[in-house]
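**Student:** Protein chains in written order, with this note's numbering: chain R, 744 to 1022; chain W, 14 to 28.
Glycine included, every Cβ here is placed at the ideal spot set by N, Cα and C.
(1) List, in order along the chain, the chain W residues whose C-beta lies closer than 8 Å to that of residue 809 of chain R?
(2) Just tell me which of R:852, R:881, R:985 has its CA closest to the CA of residue 952 of chain R.
(3) Check the DSSP bridge columns for residue 934 of chain R and list the partner residues they point to.
(4) In chain order, what residues of the same chain have a beta carbon less than 6 Å from the beta carbon of residue 923 of chain R, not counting five sequence neighbours either side?
(5) Are the segment 795-812 of chain R and the segment 756-768 of chain R in contact at 8 Å, needing three or more beta carbon pairs?
(6) So for residue 913 of chain R, helix, strand or coil by DSSP?
(7) Could you spell out where the alpha helix (DSSP H) holding residue 774 of chain R opens and where it closes?
(8) Within the chosen definition, does the segment 854-868 of chain R reach the segment 809-829 of chain R through at least 3 CB pairs nearer than 8 Å?
(9) Name the DSSP beta bridge partners of residue 783 of chain R, please?
(10) Comparing C-alpha positions only, which one of R:943, R:917, R:752 sits nearest to residue 958 of chain R?
(11) Identify the residues that DSSP records as bridge partners of residue 862 of chain R: which are they?
(12) Is the distance from the Cβ of residue 784 of chain R to the Cβ of residue 758 of chain R below 7 Å?
(13) Spatial neighbours of residue 894 of chain R within its chain, please: CB distance less than 6 Å, with the 5 preceding and 5 following residues excluded, ordered by chain position.
(14) Give a yes or no on contact between the segment 990-998 of chain R and the segment 831-843 of chain R, applying the rule of three or more CB pairs nearer than 8 Å.
(15) So, residue 843 of chain R versus residue 820 of chain R, is the Cβ gap smaller than 7 Å?
(16) Considering residue 33 of chain W, what are the terminal residues of the beta strand (DSSP E) in which it resides?
(17) List the residues of chain W that residue 956 of chain R touches, going by C-beta distances under 9 Å, in chain order.
(18) Please determine, among R:794, R:948, R:1002, the residue with the shortest C-alpha to C-alpha distance to residue 849 of chain R.
(19) Which bits of chain W does residue 856 of chain R rub up against, with CB to CB less than 8 Å?
(20) For a contact meaning CB atoms closer than 8 Å, what does residue 909 of chain R contact in chain W?
(21) So which residues of chain W does residue 880 of chain R contact, with C-beta pairs closer than 9 Å?
(22) For a test of the three-state rule: what should DSSP assign to residue 905 of chain R, helix, strand or coil?
(23) Does residue 833 of chain R pass the burial test, meaning 16 or more other C-beta atoms within 10 Å, or should it be called exposed?
(24) Any idea what DSSP makes of residue 953 of chain R, helix, strand or coil?
(25) Tell me whether residue 758 of chain R sits in a helix, a strand or coil according to DSSP, three-state version.
(26) Per DSSP, what kind of secondary structure is residue 892 of chain R in: helix, strand or coil?
(27) Any idea if residue 749 of chain R is buried or exposed, counting beta-carbon neighbours within 10 angstroms, 16 or more meaning buried?
(28) Where does residue 741 of chain R fall in DSSP's three states?
(29) Take residue 798 of chain R and list the residues in its own chain whose beta-carbon comes closer than 6 Å to its own, dropping the five residues that flank it on each side.
(30) Taking the beta strand (DSSP E) that residue 977 of chain R falls in, what are its first and last residues?
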């Protein structure tokens, strides 16, 4: 009986969260003194209400989950599920691909963020200063994300202020588009603070050959490879040589020469998961 | 990249 009451009280407390009015998890934390990680309702400037996950603990907290990039099929080449590049095939005539890095389209659910791609209105509505990134094994439930993550880090230099306050605005300055420039035209590389993992574990997540091309300890935006394909984010690393970023940067436009198109473009180039070559 | 990396979703947060 005691357990039943506890569960009810727990649900009651969770449902009370729907009375909060805020545009970000930081506002909920600051205004309502909520310090528990979990799902909360947020409201956009236009009054649209949506639900997302708040990390209230990392580095003082108030982190709003706005997106997830999930690979449903590493063998798919810009096919269904490649929302962060293109679901319309590797196509020279669609240089932006699906365009989701710089539009107001939304998809997925917060609870399903490790099982499919996710993007909510916070992606373009929240004026933020810093970013945090978690790499969580596929299909893990929300209450285990933090513990299960293989890599967690955040920025702390308020770099987003310089780029309009969110990724929507940042990618207006640096379009994720095929043939927008060359390798030397990449966007900002921002130093990170590790919450789980370090520079060495970051390095080891990528292939033997990519390790000679990047420096760990950064998050980089809009990288461009030798073939002029654009990628959105190099997570944990800054490309410094070689320009073969398709092997270690995620998201992209709609065309990769010859056929490496995808949300995790060419992470499987050779010997997938064997720690050899480019893969 | 390692299988760990390709079989993990990348979650993006703002503050």
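**Tutor:** In short, the structure shows the following:
(1) Within chain W, the residues near residue 809 of chain R are 25, 26, 27.
(2) The residue with the shortest Cα to Cα distance from residue 952 of chain R is R:985.
(3) BP columns for residue 934 of chain R point to R:961.
(4) For residue 923 of chain R, where only same-chain residues beyond five positions count, the Cβ hits under 6 Å are 973.
(5) With the cut-off at 8 Å, the segment 795-812 of chain R and the segment 756-768 of chain R touch.
(6) Note: residue 913 of chain R maps to helix in three-state DSSP.
(7) Taken as a continuous stretch (DSSP letters only), the alpha helix (DSSP H) holding residue 774 of chain R covers 768-775.
(8) Because the criterion of three Cβ pairs below 8 Å is met, the segment 854-868 of chain R and the segment 809-829 of chain R touch.
(9) Residue pairing from DSSP places residue 783 of chain R in a beta bridge opposite R:795.
(10) The candidate whose alpha carbon is nearest that of residue 958 of chain R is R:943.
(11) Beta-bridge pairing by DSSP links residue 862 of chain R to R:810, R:850.
(12) No, the Cβ-Cβ distance between residue 784 of chain R and residue 758 of chain R is not below 7 Å.
(13) Same-chain partners within the cutoff: 878, 940.
(14) Contact between the segment 990-998 of chain R and the segment 831-843 of chain R is present, with at least three C-beta pairs closer than 8 Å.
(15) No, the Cβ-Cβ distance between residue 843 of chain R and residue 820 of chain R is not below 7 Å.
(16) The requested residue 33 of chain W does not occur in the structure, where chain W is confined to residues 14 to 28.
(17) Result: empty, since nearest Cβ-Cβ is about 13 Å, beyond 9 Å.
(18) With distances taken between CA atoms, residue 849 of chain R lies nearest to R:794 out of R:794, R:948, R:1002.
(19) The answer, in chain order, is 22, 24.
(20) Within chain W, the residues near residue 909 of chain R are 27.
(21) The contact set of residue 880 of chain R on chain W, defined by CB atoms closer than 9 Å, consists of 17, 20, 21, 22 in chain order.
(22) Residue 905 of chain R: helix per DSSP, three-state reduction.
(23) Only buried fits residue 833 of chain R, as 16 or more other CB atoms lie within 10 angstroms of its CB.
(24) Collapsing the DSSP output to three states places residue 953 of chain R in a helix.
(25) Looking at residue 758 of chain R - three-state DSSP - the assignment turns out to be helix.
(26) Residue state for residue 892 of chain R is assigned as coil, using DSSP reduced to three classes.
(27) Residue 749 of chain R is classed as exposed because its beta carbon has fewer than 16 other beta carbons within 10 Å across all chains shown.
(28) Not covered by the structure: residue 741 of chain R. The range shown for chain R is 744 to 1022.
(29) For residue 798 of chain R, where only same-chain residues beyond five positions count, the Cβ hits under 6 Å are 780, 806.
(30) Run containing residue 977 of chain R: 973-977, per the beta strand (DSSP E) assignment.
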